[in-house]
Every structure is written in C-alpha cells, then in structure tokens.
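In what follows, a single structure is set out as structure tokens and then discussed.
Number of protein chains: 2
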Amino acid sequence: MLTAPDPPGLPEEDAIDGLRDRKRAHSRAATLDAALALFAERGYDAVTVADICAAAQIAPRTFFRYFPTKDDLLTEPVREMNEHLAGLVAGTDAGADDADVLRAALRDLGGYVLAHRDRLTPVFRAIGQVSAVRSSPVLMLSVQERLLAERLAARRGGPQPPDWRTRLLVARAVAAFRIWLDDAMGADRGFADADHPDPVAHLDEVLAAI
Amino acid sequence: MLTAPDPPGLPEEDAIDGLRDRKRAHSRAATLDAALALFAERGYDAVTVADICAAAQIAPRTFFRYFPTKDDLLTEPVREMNEHLAGLVAGTDAGADDADVLRAALRDLGGYVLAHRDRLTPVFRAIGQVSAVRSSPVLMLSVQERLLAERLAARRGGPQPPDWRTRLLVARAVAAFRIWLDDAMGADRGFADADHPDPVAHLDEVLAAI
DNA sequence: GCGAAAGTGGCAGACTCTGCCACGAGGCAG
DNA sequence: CTGCCTCGTGGCAGAGTCTGCCACTTTCGC
Numbered sequence: 001m002l003t004a005p006d007p008p009g010l011p012e013e014d015a016i017d018g019l020r021d022r023k024r025a026h027s028r029a030a031t032l033d034a035a036l037a038l039f040a041e042r043g044y045d046a047v048t049v050a051d052i053c054a055a056a057q058i059a060p061r062t063f064f065r066y067f068p069t070k071d072d073l074l075t076e077p078v079r080e081m082n083e084h085l086a087g088l089v090a091g092t093d094a095g096a097d098d099a100d101v102l103r104a105a106l107r108d109l110g111g112y113v114l115a116h117r118d119r120l121t122p123v124f125r126a127i128g129q130v131s132a133v134r135s136s137p138v139l140m141l142s143v144q145e146r147l148l149a150e151r152l153a154a155r156r157g158g159p160q161p162p163d164w165r166t167r168l169l170v171a172r173a174v175a176a177f178r179i180w181l182d183d184a185m186g187a188d189r190g191f192a193d194a195d196h197p198d199p200v201a202h203l204d205e206v207l208a209a210i
Numbered sequence: 211m212l213t214a215p216d217p218p219g220l221p222e223e224d225a226i227d228g229l230r231d232r233k234r235a236h237s238r239a240a241t242l243d244a245a246l247a248l249f250a251e252r253g254y255d256a257v258t259v260a261d262i263c264a265a266a267q268i269a270p271r272t273f274f275r276y277f278p279t280k281d282d283l284l285t286e287p288v289r290e291m292n293e294h295l296a297g298l299v300a301g302t303d304a305g306a307d308d309a310d311v312l313r314a315a316l317r318d319l320g321g322y323v324l325a326h327r328d329r330l331t332p333v334f335r336a337i338g339q340v341s342a343v344r345s346s347p348v349l350m351l352s353v354q355e356r357l358l359a360e361r362l363a364a365r366r367g368g369p370q371p372p373d374w375r376t377r378l379l380v381a382r383a384v385a386a387f388r389i390w391l392d393d394a395m396g397a398d399r400g401f402a403d404a405d406h407p408d409p410v411a412h413l414d415e416v417l418a419a420i
C-alpha cells in the first residue's frame, strides 16, 4: 500500500522487457528459491504450499499460477537440465556419429550438473524423500529420451519418428549417464563417492562403455 | 445388514488361509478390477476414489487401507510384472553370463506382458493420460533396475552393492525392453504396430542388440 | 463359547489444486 | 497528461486425495 518502500532486488536489469514482466520473473524465481531452501531444510513433504507462499510473500492462488503443481518445483531444475542437453545435441553437424554426439553431449551435461550442484543437490535429495513412486523427475530423463532421439534423427535427416535402433542408442546413453548420476548425487551421499573420488573421471569411464 | 444374501464370489477357494484373509484378498482384487474397468471406460482423472468405492462396494476409508494412494492402482500391475522379472533372474545358476541371463529373462517377461495384456493395456493407456510427469509406473522399471542388479550380482557372488558395470548392463537391458514396450503398448496404438506385426519377433530383435 | 485381535466404516480435518470474481498496477493510445 | 484496457494478483468457495481417531462388527486362538 505504501508507495514501494524498498525494492532492492530489481533496479533496472534489462529494460528490454516491461516492468511487469520483470516483476513477474523475479517473483517466480524468488518463489522457487524459497521453496528449494525450505525443502533442503525440512524435507519436501513437511513443507506446504502455504509455507512457501509465506516465505516468498505471495498468495497461494498466485503460486499455482507460477507452478501448476507443487511437484513442478522439483521438476523445474531437472527440466532446465534436459533443455540444456537437448540444445547440446541440436547444435552438432549432420556428419557426426550418433554415439559420438551423445557421448560428447552427456559429458558436457556432467559439467553442467557439477556447475549447478548447489541448485540440483537439494532437488535430488528431496526426490529421494518423496514417496518413491509418485513424480520422479530423475526418471523424467527417460521421457526426455524420445525428444532426444528425435533431435538426433532430425540432425542427420533420419526417419521421423526415429527407428528403434536410434531410440535404443539414446536409451543406452542416458542409462549410462543415470548410472553416473546415481553414484554422484544419489541417495544420501553427496558428491565425491568413496569409490570414485573424481566425478569427471568416473563419468568418462561410464560414457566410454556406450 | 441382512445376513449376507448372496456371496457368489468366494465359495471355498483354498482353505489354506483363514476366512478373513480370503475375504480381504477378494475385496482388494475386486476393488482393483473395478478401478481398472472404470479407468478404461472414462479415463484415470475422471474417476474419483468415491466412484471406485461405489463400484466395489467399500467405504473410501477402506480403500486407502488397501491402496495407500490412488496411483497405486496403476503401479500394482506393473509391480507384479517387476516381481515376475526378479523371480526369473533369481532362479538362474551362478555360472551363466549376466547378459544371457538378462536376455532370457526379458524375453520371458515379454511373454508375460503379452499373456496379461488384457490387464496391462488399460493400465498403460491410463498412464499415458496422466499428466505426464507425476507418477510414471512405466519408468518405475528404472527403480527396479537396482534390485535387478543386486539379484544378478548375488547370483554369482559379486560385490554388494553391485559395481557400476553390472548396473549399466542391467540398465541397457531394461532400456531395450522398454523400447519394445513402447512400440508394443505405447501411446494410443495397442499391440500389433504397423512396422512390427509380430511383437515376439520384434522383442527378439531388440534384445539381440544388448 | 469367549476374550483378543483384526477389518471395516464414519467423521473431522489437512493439503493440493481449480474456477470465479474483484481490485489495482502497468501499458498504450489519444 | 489523461483515460481506458489489459494483465497480474489475491480472496473465496469447492472438489478431490489422504490421514488420524474412534466405534462397531467379524474372525481367530484358547
């Protein structure tokens, strides 16, 4: 009600979008950050949407405009990761071998995960706490497989939808990446598994088996 | 309230378990069947727990004693399938090669799926309708991978938990099976894909690529 | 048969999610 | 600068899932 006492977070980042859009994006990001912080602190199920709204200073009704479901708070970072991967594959030339393209892309994705570990770790940890079956964004990688196969086939002018050999190759590559991800971020242990002190070397090792 | 007018479904199947257990099992199975029938008819989201309870003649409170969540109605048949698979692997001798064991087990599992298609088809169809991310029992195969790898390693006295090579082999095998499953039961098409008129031959083809 | 144990149903309540409407602030002519 | 006009927001009511609690009935072990 007062005439905007102190807006310290949004000075004039980029005047490209309107003020309204920037406010919205800022509020949305703040909500996600607040939620992830609460999840890391108390666990996914122990945090209600009302709690998140209180921390982010928005109304529950507004929350569900930003995120269709509470689960989307967890899937969002994973989805960002998937999009990063899809972008890596799409940018390659048509002549390259599928397996090589996948290997390189997944190796890069490993770097992405390590770079964003602060953001991803609480997510994967929360996923482990959730009742196991319902909403498994990690496995959502498998959903991503179809898109990945399509990009891969399109890249070299292959058939659409992709034949099963292409899809199988993608599934095998993603499976390898998932194996590494389990070792690196899975369950209770954070990074730096005892058997594999160097995550990057371990990723190379796993991907070489494709 | 009347003194049990007509119990046509439970004559005296096997006196091995108590009457109570049989009643319970019968009621539970009837609830699951009623639910799957309703899902096939109207779609997963359009059917409420109250609807299922009315069809199965139980109270909503009782429903949640049988099935912790509504989603479990879908995961149950998939879980049965997973257990069948685990049993197939556990029964092999220690000398056999891991890849051969997996190939044979998954080939057998394909027969299981085809034999139970009446039960599984509405399930997979319903899964496709559910909002894509939340609760994906098909992908639950991936959760099964860890158990499968443990059985496989235990079978030949390997390390526990299994090393990443064993887990990768399992993941690749399951991925191949999933590719076939998508072709066979995926999305809207039932069995008998246009490109692969014979499901069994297609399964052999995919599994040979392991 | 009889007490103990277990299954069942009803009730109230928490939580997620949605449709609806009113309010106010940013955007866009004129 | 002024007046709309769109759009984001919040409040409210309601459906649907899921849980804790208690009373009632049925079954089991002695």
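Protein sequence lines, in the order shown, are assigned to chains F and V. Counting in the working numbering, the first sequence runs from 1 upward without gaps. Counting in the working numbering, the second sequence runs from 211 upward without gaps. All residues carry an ideal CB built from backbone N, CA and C; glycine is no exception.
- Along the segment 145–177 of chain F, going in chain order, the ones with a CB nearer than 7 angstroms to a CB of chain V are Trp-164, Arg-167, Leu-168, Ala-171, Arg-172, Ala-175, Ala-176.
- Taking 8 angstroms as the Cβ-Cβ cut-off, the segment 77–95 of chain F has no residue approaching chain V.
- Contact check for V:Leu-298 against V:Ala-315 passes: the beta carbons are separated by less than 8 angstroms.
- Against F:Ile-127, chain V offers no close residue; the least beta-carbon distance is about 12 angstroms (beta-carbon pairs closer than 7 angstroms).
- Take F:Arg-125, set aside five residues on each side of it, and no residue of its chain has a beta-carbon closer than 6 angstroms to its own.
- Contact of V:Asp-231 with chain F is not assigned, every C-beta pair being separated by 8 angstroms or more.
- The beta-carbon of V:Ile-389 is placed less than 8 angstroms from the nearest beta-carbon of chain F.
- Nearest in C-alpha terms to V:Ile-268, of all of V:Ala-364, V:Leu-242, V:Arg-252, is V:Leu-242.
- Between the C-alpha atoms of V:Ala-245 and V:Leu-283 there is a straight-line separation of about 7 angstroms.
- Using a Cβ-Cβ cut-off of 8 angstroms, F:Ala-209 is close to Arg-375, Leu-378 of chain V, given in chain order.
- Interface criterion met: the Cβ of V:Val-416 is under 8 angstroms from a Cβ in chain F.
- Taking 8 angstroms as the upper bound for CB-CB distance, V:Phe-273 and V:Cys-263 are in contact here, some 5 angstroms apart.
- When the five nearest sequence neighbours on each side are left out, the beta carbons in the same chain lying within less than 8 angstroms of the beta carbon of V:Gln-370 are those of Glu-360, Ala-363, Ala-364, in order along the chain.
- In the DSSP assignment, F:Ile-52 falls within the unbroken alpha helix (DSSP H) covering 49–56.
- For V:Asp-414, the CB contacts under 8 angstroms within the same chain, skipping 5 residues up- and downstream, are Arg-317 in chain order.
- The C-beta distance from F:Arg-117 to F:Leu-207 rounds to 19 angstroms, too long to meet the 8 angstroms contact threshold.
- Residue range 270–276 is occupied by the alpha helix (DSSP H) that includes V:Phe-274.
- Here V:Ile-420 is not near F:Trp-164, since their CB atoms are 8 angstroms or more apart.
- Sorting F:Ala-30, F:Ala-201, F:Asp-93 by C-alpha distance to the C-alpha of F:Phe-67 places F:Ala-30 at the top.
- Between the alpha carbons of F:His-26 and F:Val-78 lies a gap of roughly 20 angstroms.
- Rounded to the nearest whole angstrom, the C-alpha separation of F:Arg-61 and F:Ala-50 is 10 angstroms.
- Look at F:Asp-183: its C-beta is under 8 angstroms from a C-beta on chain V.
- Straight across, the Cα-Cα distance linking V:Ala-247 with F:Arg-28 is about 41 angstroms.
- In this model, F:Asn-82 and F:Phe-177 are separated by some 12 angstroms (Cα to Cα).
- In the DSSP assignment, F:His-202 falls within the unbroken alpha helix (DSSP H) covering 199–208.
- Under the 10 Å beta carbon count, F:Ala-184 is surrounded by 16 or more other beta carbons and is classified as buried.
- Residue F:Arg-24 holds the alpha-carbon nearest to the alpha-carbon of F:Ala-56 among F:Pro-122, F:His-84, F:Arg-24.
- Of V:Asp-307, V:Leu-319, V:Ala-304, V:Lys-280, the smallest CA-CA separation from V:Glu-290 is found for V:Leu-319.
- Looking at V:Thr-279, V:Glu-251, V:Tyr-322, V:Arg-275, the one whose alpha-carbon comes closest to that of V:Ala-296 is V:Tyr-322.
- Between F:Ala-94 and V:Ala-385, the C-beta gap is not smaller than 8 angstroms, which leaves the two residues out of contact.
- Taking a C-beta distance under 8 angstroms as the contact criterion, V:Leu-324 and V:Pro-409 qualify as a contact pair.
- Around the beta carbon of F:Leu-148, 16 or more other beta carbons lie within 10 angstroms, which makes this residue buried.
- An exposed status is given to V:Glu-251, since fewer than 16 other beta-carbon atoms sit within 10 Å of its beta-carbon.
- Per DSSP, the unbroken alpha helix (DSSP H) holding F:Thr-31 starts and ends at 19–42.
- The C-beta separation of F:Thr-166 from F:Gly-158 comes to about 7 angstroms, placing the pair in contact by the 8 angstroms criterion.
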